[in-house]
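In order, the protein sequence lines correspond to chains A and B. Just so we're aligned, residue 1 is where the first sequence starts under UniProt numbering, counting upward by one. Just so we're aligned, residue 1 is where the second sequence starts under UniProt numbering, counting upward by one. Think of the CB as a built atom: it goes at the ideal place given N, C-alpha and C, for glycine as much as any other residue. Bear in mind that the values here come from a model prediction, so they are computed numbers and not experimental data.
There are 2 protein chains.
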Amino acid sequence: MAGIRDVARLAGVSQATASRALSGKGSVSARAREAVTAAASELGFVMSYHASSLASGRSHNIGVVLPFVNRWYFATLLEGANSALMDAGYDLTLYDFQGDRYRESVLGDFLLRKRLDGVLAVSLQLNAHETEQILAAGIPVVGVGGPLPDIPTLRIDDVEVGRRATNHLISLGHSRVAHLGGEHEYGRNFEISSGRRAGYEEAMAAAGLPLREAWSLISDYSANDAYKETKQLLADAEERPTAIFCASDEMAFGAMLAARDLGLRIPEELSVIGVDGHEMGEILGLTTIDQFPRNQGTRAVERLLALVQDDGQAAAGPADELMETRLLVRHSTSAPRIPAGHSGS
Amino acid sequence: MAGIRDVARLAGVSQATASRALSGKGSVSARAREAVTAAASELGFVMSYHASSLASGRSHNIGVVLPFVNRWYFATLLEGANSALMDAGYDLTLYDFQGDRYRESVLGDFLLRKRLDGVLAVSLQLNAHETEQILAAGIPVVGVGGPLPDIPTLRIDDVEVGRRATNHLISLGHSRVAHLGGEHEYGRNFEISSGRRAGYEEAMAAAGLPLREAWSLISDYSANDAYKETKQLLADAEERPTAIFCASDEMAFGAMLAARDLGLRIPEELSVIGVDGHEMGEILGLTTIDQFPRNQGTRAVERLLALVQDDGQAAAGPADELMETRLLVRHSTSAPRIPAGHSGS
DNA sequence: TTGAAAGCGCTAACAA
DNA sequence: TTGTTAGCGCTTTCAA
Numbered sequence: 001m002a003g004i005r006d007v008a009r010l011a012g013v014s015q016a017t018a019s020r021a022l023s024g025k026g027s028v029s030a031r032a033r034e035a036v037t038a039a040a041s042e043l044g045f046v047m048s049y050h051a052s053s054l055a056s057g058r059s060h061n062i063g064v065v066l067p068f069v070n071r072w073y074f075a076t077l078l079e080g081a082n083s084a085l086m087d088a089g090y091d092l093t094l095y096d097f098q099g100d101r102y103r104e105s106v107l108g109d110f111l112l113r114k115r116l117d118g119v120l121a122v123s124l125q126l127n128a129h130e131t132e133q134i135l136a137a138g139i140p141v142v143g144v145g146g147p148l149p150d151i152p153t154l155r156i157d158d159v160e161v162g163r164r165a166t167n168h169l170i171s172l173g174h175s176r177v178a179h180l181g182g183e184h185e186y187g188r189n190f191e192i193s194s195g196r197r198a199g200y201e202e203a204m205a206a207a208g209l210p211l212r213e214a215w216s217l218i219s220d221y222s223a224n225d226a227y228k229e230t231k232q233l234l235a236d237a238e239e240r241p242t243a244i245f246c247a248s249d250e251m252a253f254g255a256m257l258a259a260r261d262l263g264l265r266i267p268e269e270l271s272v273i274g275v276d277g278h279e280m281g282e283i284l285g286l287t288t289i290d291q292f293p294r295n296q297g298t299r300a301v302e303r304l305l306a307l308v309q310d311d312g313q314a315a316a317g318p319a320d321e322l323m324e325t326r327l328l329v330r331h332s333t334s335a336p337r338i339p340a341g342h343s344g345s
Numbered sequence: 001m002a003g004i005r006d007v008a009r010l011a012g013v014s015q016a017t018a019s020r021a022l023s024g025k026g027s028v029s030a031r032a033r034e035a036v037t038a039a040a041s042e043l044g045f046v047m048s049y050h051a052s053s054l055a056s057g058r059s060h061n062i063g064v065v066l067p068f069v070n071r072w073y074f075a076t077l078l079e080g081a082n083s084a085l086m087d088a089g090y091d092l093t094l095y096d097f098q099g100d101r102y103r104e105s106v107l108g109d110f111l112l113r114k115r116l117d118g119v120l121a122v123s124l125q126l127n128a129h130e131t132e133q134i135l136a137a138g139i140p141v142v143g144v145g146g147p148l149p150d151i152p153t154l155r156i157d158d159v160e161v162g163r164r165a166t167n168h169l170i171s172l173g174h175s176r177v178a179h180l181g182g183e184h185e186y187g188r189n190f191e192i193s194s195g196r197r198a199g200y201e202e203a204m205a206a207a208g209l210p211l212r213e214a215w216s217l218i219s220d221y222s223a224n225d226a227y228k229e230t231k232q233l234l235a236d237a238e239e240r241p242t243a244i245f246c247a248s249d250e251m252a253f254g255a256m257l258a259a260r261d262l263g264l265r266i267p268e269e270l271s272v273i274g275v276d277g278h279e280m281g282e283i284l285g286l287t288t289i290d291q292f293p294r295n296q297g298t299r300a301v302e303r304l305l306a307l308v309q310d311d312g313q314a315a316a317g318p319a320d321e322l323m324e325t326r327l328l329v330r331h332s333t334s335a336p337r338i339p340a341g342h343s344g345s
């Protein structure tokens, strides 16, 4: 329970010098620095971050806001953010909305408590009032997968992702391509889901291929829900597509299992492509568009810390940043080889 | 940026009364309370938690320490902890070891910074020095799945879990039962993995069944690693088991996929049972022992907050608490029905 | 490079 | 029930 005052006393310097020596800010003679560090370690001194934060206005604490910790994409991005924050000596305060359950209390209460140096907002959409409120609190914010107006954001080009995934299937010779995308829920993921869907529709149109309403499915991004939707879709042998583009790998897992349970072989009778880069895709042989979520988390923290440390003044780099994706071809996609007995229309 | 002093002034009371009115502690007349809350909302007052923490010694902030956010069990438990903490108005500071990568810095540095009212330690093992250090810091700790000597812990009976899973297979008529368990790494999960393994061995012995070294596998709890191990195990038709007990559902997923890729039907040619209660088990039809991780997280927080709020004095309930599990039978287990052409030894 | 001194914005005795 | 008065343990001007 030794305080900095005890350290200073033992080192034979003033409290101010001790503080400077320990924080590295301000100039301190080598001799004083040594005396202070020696005293500190002898006493087992650990600084009170409350006191430090109160006096300095910096808390070395970043809030991470996301809709679900329990989805692979978010958990993996969180891991990347965690690494970058640990390395920088920052604490990470987690705000998991759990859907919308805590959205309001986090946005209207927790985030405003001024104990954060900055906020990382993942897949979050804010209305005008919410944006204003949070910016008025003076907290630097960086978003991932926004869009958050007036807030620097990292994103992938979701339209491009949808187009590329769909074109991969089309270029293999598929003309009957379905899409399983996310919900159009307000306040979350909207642009992501609709971007990927727009890319799908664009690619289909560009190739002169028909869009059918029955081939455009919506699910909640979970494997289980995707399983149900896909099973329904594939049950009708006459009407079913030969390929499906899923907006996430977890959805693709569900789709693959549904196909297998219907006795359809992948990729012979159904090609499946996902988005994310989930490790489990390896053992399923899932073709996907990898978006390197871990890297997104790390990069977002770098951006945020730059903002925080420049005192919110200079934005480091362009306001918005497009992150890289990569088409990763495995065994779940191939040219359509529909066995005899199955007909297309 | 209004402070409590401004609120007090506008309400026409002293700062102390304003503080009491806002915190609900101490007695305040109805009239004063109204005046204060009115003034506070008029000014858009938000308390500085740094100042409050410094003055009161309570930070309303709980640290959660776990080895991987990206494993289903941990993410789900975290979700439960998050709910309980949000409901109680507490912040959650996340410390993700990412294996062992940040173990040392979290334990030796971050946790000691005295900004936490308590710590929830999940699947963590501490050596004597570490335990002493953390207890010396005066932070209340509750563990899940310890064991942490001198620290109240919630756990399931892992030996019982292993025994029950194995006995389920044995009672179906299996005599060739393999086990895919976790690593024996120091500092993490050790007791959990070895407990489940011990239960398996106990059940086999009690039934007079042979243990084979080749049937006792170790993996890192991931589906991918489990896939590799299982594929190896099952490749030899002469030597392979008819059932496998996996120490987690994610492992079981890997095992099921490996079996399918070898053309083995589940459950006819291989029965699989897991542990956890992963939702995705539904679509795979995985039989499992559900351990309700979400509930574990919630319950652990309740215990911890009781400790914190009782000022570390009275432990609420017994020091250690055994959590419930449930055998959930689906379609991945049945009596062995080995097709002709395959032989047992 | 150093020290003295004044807070940071709140809470908690204590006395009234 | 209320107000006065000290702090909580640091950081940071400012002057030396």
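Item	Value
As assigned by DSSP and simplified to three states, the class of B:A316	With a pLDDT of 49 at B:A316, under the threshold of 50, the modelled position of this residue cannot be trusted; read the value that follows with caution. In the structure shown, B:A316 sits in coil (DSSP, three-state: anything other than H, G, I, E or B).
Buried versus exposed, by CB contacts within 10 Å (16 or more), B:P267	buried
Per DSSP, cross-strand counterpart(s) of B:D276	B:D290
Cβ-Cβ distance between A:V7 and A:R20 below 9 Å	no
Complete beta strand (DSSP E) runs within the stretch 103-161 of chain A (minimum length 3 residues, chain order)	118-122, 141-144, 153-155
B:A207, DSSP secondary structure in three states	coil
Near-chain B residues of the stretch 121-147 of chain A (beta-carbon distance less than 9 Å), N- to C-terminal order	A136, A137, G138
Minimum C-alpha distance to A:L85 - residue among B:N70, B:S105, B:T76	B:S105
Beta carbon proximity, B:A2 to chain A, threshold 9 Å	no
Contacting residues, own chain, Cβ-Cβ under 8 Å from A:T333 (five flanking each side not counted)	H168, L169, L172, A243, P267, S271, V272, I273, T287
Classification of B:D91 by the beta-carbon crowding that lies within 10 angstroms, buried from 16 upward	buried
Endpoints, the alpha helix (DSSP H) within which A:I266 is located	It is not in any alpha helix (DSSP H) - A:I266 carries neither H nor E in the DSSP assignment.
Near-chain A residues of the stretch 287-304 of chain B (beta-carbon distance less than 7 Å), N- to C-terminal order	none
Interfacial residues, the stretch 269-289 of chain B to chain A, with Cβ spacing under 7 Å	E279, M280, E282, I283, L284
As assigned by DSSP and simplified to three states, the class of B:T93	strand
The alpha helix (DSSP H) enclosing residue 404 of chain B, as first and last residue numbers	Only positions 1 to 345 of chain B appear in this structure, which leaves residue 404 of chain B out of reach.
Assigned secondary structure, B:S48 (DSSP; H/G/I helix, E/B strand, else coil)	coil
Contact list for B:S248 against chain A, beta-carbon separation under 8 Å	Under the 8 Å cutoff, chain A gives no residues; its nearest Cβ is about 13 Å from B:S248.
Pick from B:R330, B:Y73, B:T37 that is closest to B:M251, judged by C-alpha positions	B:Y73
Inter-residue CB distance, A:A255 and B:I283 (contact presumed, cutoff 8 Å)	The pair is not a contact, with the Cβ atoms about 10 Å apart (cut-off 8 Å).
Runs of beta strand (DSSP E) wholly within the stretch 207-262 of chain B (minimum 3 residues, chain order)	216-218, 243-246
Whole-angstrom C-beta distance between A:A258 and A:Y227, which should lie under 8 Å	5 Å
Extent of the continuous beta strand (DSSP E) to which A:I283 belongs	No beta strand (DSSP E) contains A:I283, which is instead part of the alpha helix (DSSP H) from 281-284.
Beta-carbon neighbours of B:T230, restricted to chain A and to distances below 9 Å	What B:T230 touches in chain A: nothing, since even the nearest Cβ is about 10 Å away.
Through-space distance from A:T166 to A:A335, alpha-carbon basis	13 Å
Beta-carbon proximity list for A:L111, same chain, < 8 Å, skipping 5 on both sides	G63, V65, Y95, V119, I134, A137, I139
Proximity winner among B:A81, B:S83, B:L124, relative to B:G99 (alpha-carbon distances)	B:L124
Proximity test, Cβ basis, 9 Å: A:L92 and chain B	yes
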